[in-house]
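Using the UniProt record's numbering, read the sequence shown as starting at 1 and increasing by one per residue.
Every residue gets a Cβ at the ideal spot worked out from N, C-alpha and C, and that includes glycine.
The structure under discussion appears below in the form of structure tokens.
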Amino acid sequence: MFQVIGGKSVQVTTAAAARLLAPRSSVLVEAVRGRKSRTDPKAKSKEGRIKVPPPVDPVEMVVLKERYTEYQLIMRALRLEFKEEVLRKKYEEETGSQAEERARQEAEEHRALMAWNDQENLRLLKIRMMRIQREEEEAERKKIEAVLKREQEHQEFIKEKEKEILQLQVQCLYFLVLFSFFLSCFSADCKGNCT
């Protein structure tokens, strides 16, 4: 059975549920029956009831007690047996022949790992040396290219300046020719004719 609880009219017995459900809009809550507390009164139908324990057969009780003690003895013996076996294995691993075998295997594994480590270090060293050599060659090539480029730029600069000088010389020559022409044109005689 489900009960709808509205936002304002909350009818919940516990304060925690009211606090969780109150601020929201209507929520669908399943009705749950809980246990009675000690302070709640007895139900009217059970007021005169006297609790009577169920009858026990004495013969069956004796048999059950014997079987239970037998079960406890068997389980204790099994637990002790398993515990002894575990402790024996642990002791043999720590001190016996298995410990020597394990130590030998660990030493062999360590040797193999160290050999592999040395091989890996050599491989990485070769790779590193090749990379450094490539970087040095690349740096040398870039340096030579930079020198050649600078030299070429210098040569181009010199050619450009030579061109400018030649152009200035030509302009100077034109200027002198033009100047001499103007001088000759404007040097007039008394009559105003150009000589």
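Rounded to whole angstroms, the separation of the alpha carbons of R88 and R79 is 14 Å.
When the beta-carbon positions are compared, E108 and A99 stay at least 7 Å from each other.
Distance between R102 and T95, taken at the CA atoms: about 11 Å. In the three-state reduction of the DSSP assignment, E47 falls in the coil class, being assigned neither a helical nor a strand state.
Collapsing the DSSP output to three states places V147 in a helix. Where P58 is concerned, the enclosing alpha helix (DSSP H) starts and stops at P58 to T95. Between the C-alpha atoms of S180 and L173 there is a straight-line separation of about 11 Å. Assigned with DSSP and collapsed to three states, R38 falls in coil, not helix or strand.
Spanning the alpha carbons of T69 and V63 requires a straight line of approximately 10 Å.
Straight across, the Cα-Cα distance linking F182 with E164 is about 26 Å. Look at R128 here: in three-state DSSP terms it is helix.
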